[in-house]
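As structure tokens, the structure follows; a few thoughts come after it.
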Amino acid sequence: MKQFKLYNNIFGWVAFAIAAITYLMTIEPTASFWDCGEFIAAAFKLDVGHPPGAPFFMLTGRMFAHFASSPEMVAMCINAMSAIFSALTILFLFWTITHLARKIVFKNENQPSLAEIIAVLGAGMVGALAYTFSDTFWFSAVEGEVYAYSSLFTAVVFWAILKWEDCADEPLAERWIIFIAYLMGLSIGVHLLNLLCIPALVLVFYYKKYEEPNLKGTLLALLISFVLVAVVLYGIVPGFVNMAGWFDLLFVNVLGCSFNTGAVVYILLMIAAIVWGLWESYKGKSELRSRIAFCVNMIFVGIPFVGYKAWLWIVLIAAIVVFAFKWKKLSGSLINTILLSLMVMLIGYFSYGLTVIRSSAQPPMDQNSPDNMFSLERYLNREQYGETPLLYGQTFVSEVKWKRSGNNCIPIYEKRGAVWNKKAKNSPDEKDRYEITGYNERPVMADELNMFFPRMHSAREDHIAAYKAWSNFQGKKVTYDKCGQKETVMKPTMVENLRFFFSYQVNYMYWRYFMWNFAGRQNDIQGTMGELHAGNWITGIKFIDRMLVGDMDEMPDELKQNKGYNRYYMLPLILGLLGILAQAYGGKKGVQGFWITFFLFFMTGLAIVLYLNQTPNQPRERDYAYAGSFYAFCIWIGLAIPALVRLVEKIMPKTVAAILVSVLCLGVPTLMACENWDDHDRSGRYTCRDFAYNYLVGCEEDAIIFTNGDNDTFPLWYIQEVEGVRTDVRVCNMSYLQTDWYYSQMLRPYYESEAFPVDWTEPMYKNGKRDVARIIPRRQDSISLQQAMSWLESDKEFTKRIQGYQEDIDYIPANRLYLNIDKQQVLDNKYVDEKYANRIVEKMDFNFNGKSYLGKHELMLLKLIEEGEWKRPLYFAVTVDPALMRSYQRYFIHEGLVYKIAPVNRCVDTDKMYDNLCNNFRWGNIQDSTIYLDENNLRMCRTQRQMFGTLIKALCQEGKFEKAEAAIARCEEIFPKDLFPVNFVDAGLSGYQEIIEAYYMMGKTQEARALIAEAFSTSEDCLNWVFSQREGLWASGLRLANNQLYVMQDLLSNMGSKDPELIKIYGDMFQQYARLYQSIR
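If you're matching positions, the sequence shown starts at 8 in the numbering used here and goes up one per residue.
Following this line, the structure appears as structure tokens:
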């Protein structure tokens, strides 16, 4: 056994080294898209990221950031942290597999044979390396996100319970339990996924402590484990903060102390209670005092205070008291262990103290401003993301219940507790105080339209369309009462509800990802509706793939050359299934190990599917959420090796069989490494950083740029916060600008960026004030922007009271506003160039016809335009939702990746845009064919290429043909056509339509026709592939066919008038494909 332990340690570290070298070679050298830029910035400056935060990740990331030799290296160091933590995950996975393998392989634990040792080590190596090179885990291992760290916690916790199992009967074995509790507490400060290990841990404990486990005992153990998950997730995590909040309310509002005084007092009392409980249980002088101390601690930590119902709190408190005083097995030793575990879990959880401390310091990035216990509670509960029904709730046709109030009907809401906030201050000298600013209210929905296990719950139009498509919706007629009127709607049936659940949530959003990792992946294009060409799973076995996605050999070249085209021939899947059988039929210990592994697999996979209740049309692929489930499956991949050894040793010596099977099966992770390397190697890619730079460098000094989504906000925050680029520019996210806490941040200066030039004080916008302004025209003509803002800002009764409304409301009395422009002021402030002097308008008109209200973000933008006096440049990023820009787009100057809001008629500043695109912008090595650009990066590249198209067309319209040709040359240098085709399979021309049009303007018909020929060639390849499929796959190819038919039609309709020859060449082709499309649609 001693020899095995030595080899086990050596080979474990070998697996670590392979993983570490792989990940460190393939990490992204800077920030990645999505949340990575935000997490890296938060770690570097210890800022406050999005809810529910990750303070322990930030602390660890900050430590790794110290190794950076310059700010530009910070992101690489934090990415390297993910790589190293992922490699450590592989180390602990190796040791987990070998632990479980030896239970079913070693006949004599103390003297295993050489063949048995080789089989077990082979199992560990194959399983660990399969996970090393798996698609999902490798993706998270090379970027600065929380999932690599979370995976490490899962691996260490699971390994630790197995270590406890080895020494459970020895003195001080409980230290492993306490260690696990500490890790659980720390993991809360990274990601809550780690709590899902608890059922597997409890099963290990049950199987070890009970010599004759049975079904009843197993089910009871699982029930207890689910209770433990609920205690931590719904009891300790929010309950502790609730208790701290109540104490703070007492000390601030009653005793007149400053904010957070009560929270500090509560923490000190909590520490005292735990110390008292530990002392009583350790000394054992009084069983009664020990049980009282236990009871006090369980209540004082906030476990019973779940939800908002006082009766539920009373029931849970009573349950704790009964448990504490009636359960005879609650010994002093057990109380001591529980309290020690609670103490170390709280020590880990106290990492959230960092969040409150840093938020109180008002850093530049302070999302939700959780600087007190009440805002921290909402931050942890992720209240800004809303609620999702799980067991019972609304469907997409559900309507709120109404009740009559006089002649009116008002919706019914369930009050769920007061919302406490800091009282807004007119000056910093005012005394600290909390006030109730509203109530947590949930609309009560009509019972007739609700259902059990509601999977189709969102009322968004695009979601409803997807629900209907996935569920083959027919519905059933349901009549309900809508304020005295009988209304009939088509409600989804339970069969349709379950069809959506299994087809989309389970199959498409879990099993598809599972098969990506263990069978093969078609490409890295994001799928949303099961499209024929986008992100399906494949095997590499042709006859199977033909049934799944048609003939892969006939795919368009762009899809064939996609680096995400990975084929494993189902070998990892087959090994995993063999491992399941080997463990399930591996005797008593094997069966126990199977159920332990199964519940780790289930809780980190399908249980998450049940809990998330995801809507369709997700903005990105979500496979990262299920990495723990794929981790568990790789345990089974490893356990297949001993099973295969047992088969092979029947025809050859045992040691030779063990070596042969281990070596041959190592070919499976080797195959995975070869297939996955090119689409997981992010080395040399700087797109996220450079594209963020392009947004900022295109803005004038001291500008304000309005953004909207993650990928046009977080990279900008990263490059400002970490690399210090253009900190004079204020990045303002329009989604966040709908909140009062973000208003406060925009009204403060940061770095070289001055505060917004708006004179609103806190009482004017905080705690529900002016969240929206309804548009209620009281006159036919337009009013000035100054009048509208003055009306809105007034607190006089006549500006708030309106007939038909039962309470005062904020509103604007016109749907058309105007702003008179002082032309000389605009020119004197150099807000626009002198060349636009003749284009400056006398009056800017803002038309809000069709809108019923303006949100807080829109009010701020109007206020900036009103009070700014054309001193500070205002920009929209080009990627902002057009609906948010619609009322202002008449007054845009297009300057690159930004639209400048200016009092001129819309135009393109070709001089500035040319200089930006051709000289100033950076391109992140995208022209290098060895650099991997996934679909998300390609989407960003297409946006930038579209800007070239806009510029080139505008230059031609101005007669600047030489400059246009230079811009085309620069565009093709940055975006070579072998990497960025004229016609993208999934995205069309992306800028080339404008370039084709420009060639016609320049009289270069042959060049235009050459580009059109390339575009039609791609369209023809795509359409031929779609229409060659068997009938069952036609529907999944319609999106691709529609995209390419649109490209063809658009070119013919727009260019045909300039070049009638095109109709002769391509007209019949288009008509033929259009008829085919209509016939199968």
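All residues carry an ideal CB built from backbone N, CA and C; glycine is no exception.
Tyrosine 906 sits away from serine 147, with the two beta carbons spaced by 8 Å or more.
Within the segment 357-393, the complete alpha helix (DSSP H) segments of 4 residues or longer fall at 359-367, 380-387, listed in chain order. At the C-beta level, valine 675 and valine 112 stay beyond 8 Å of one another.
Secondary structure in the segment 871-934: the alpha helix (DSSP H) runs of 4 residues or longer, each lying completely within the stretch, are 889-892, 917-922 in chain order.
With respect to the C-alpha of aspartate 709, the residue from Lys878, Met867, Ser382 having the closest C-alpha is Lys878. Just so you know, the alpha carbons of alanine 72 and methionine 947 end up roughly 27 Å apart. DSSP places asparagine 1031 in the uninterrupted alpha helix (DSSP H) bounded by 1012-1034. In the assembly as shown, cysteine 174 is an exposed residue. Its beta-carbon has fewer than 16 other beta-carbons within 10 Å. With a 10 Å radius around the Cβ and a threshold of 16 neighbouring Cβ atoms, glutamine 1051 comes out buried.
For isoleucine 205, the enclosing alpha helix (DSSP H) has its first and last residue at 205-216. Taking the CA atoms as reference points, serine 39 sits about 49 Å from lysine 489. For arginine 449, the enclosing beta strand (DSSP E) starts and ends at 441-450. No residue range can be given for leucine 996, since it is assigned to no beta strand (DSSP E) and is classified by DSSP as neither H nor E. In the structure shown, leucine 826 falls within a strand segment according to DSSP collapsed to helix, strand and coil. Collapsing the DSSP output to three states places leucine 619 in a helix. Cβ atoms of asparagine 514 and glutamine 529 stay farther apart than 8 Å, at about 15 Å. According to DSSP, residue pairing for methionine 458 in a beta bridge involves Gly400. Ranked by how close their Cα comes to the Cα of alanine 614, the residues Tyr517, Leu651, Arg755 have Tyr517 in first place. Taking 4 residues as the minimum length, the alpha helix (DSSP H) runs contained wholly in the segment 627-668 are 634-655, in order along the chain. A distance below 6 Å between beta-carbons, with the five flanking residues on each side excluded, links valine 127 to the following residues of its chain, in chain order: Thr105, Ala108, Arg109, Val112.
Membership of arginine 1046 in the alpha helix (DSSP H) is indicated by the continuous run 1045-1062. With a minimum length of 3 residues, there is no unbroken run of beta strand (DSSP E) contained wholly in the segment 17-56. Per DSSP, the continuous alpha helix (DSSP H) segment holding glutamine 727 begins and ends at 721-728. Every alpha helix (DSSP H) stretch that sits fully inside the segment 46-126 and reaches 4 residues is listed by chain position as 62-72, 81-112. The C-alpha of glutamine 896 lies about 13 Å from the C-alpha of glutamate 902. As DSSP reads the structure, glutamine 492 sits in a beta bridge with Lys489. About 16 Å separates the Cβ atoms of leucine 539 and glycine 527, ruling out a contact at the 8 Å cut-off. Exclusion of the five residues before and after serine 93 leaves Tyr30, Ala148, Ala155 as the residues of its chain whose Cβ lies within less than 6 Å of its Cβ.
Between isoleucine 34 and alanine 122, the C-beta spacing is not below 8 Å. Short of 6 Å from the beta carbon of phenylalanine 64, and not among the five residues preceding or following it, lie these beta carbons of its own chain, in chain order: Val153, Tyr156, Val197. Secondary structure of aspartate 840 (DSSP, three-state): coil.
Secondary structure at alanine 780: strand, using DSSP grouped into helix, strand and coil. Judged by beta-carbon spacing, aspartate 817 lies within the 8 Å limit of arginine 777, meaning their Cβ atoms are closer than that value. Following the DSSP letters along the chain, one finds proline 418 in no alpha helix (DSSP H) but inside the beta strand (DSSP E) bounded by residues 415-418. Between tyrosine 487 and glutamate 421, the C-beta spacing is not below 8 Å. The straight-line gap separating the alpha-carbon atoms of tryptophan 145 and proline 119 is approximately 34 Å.
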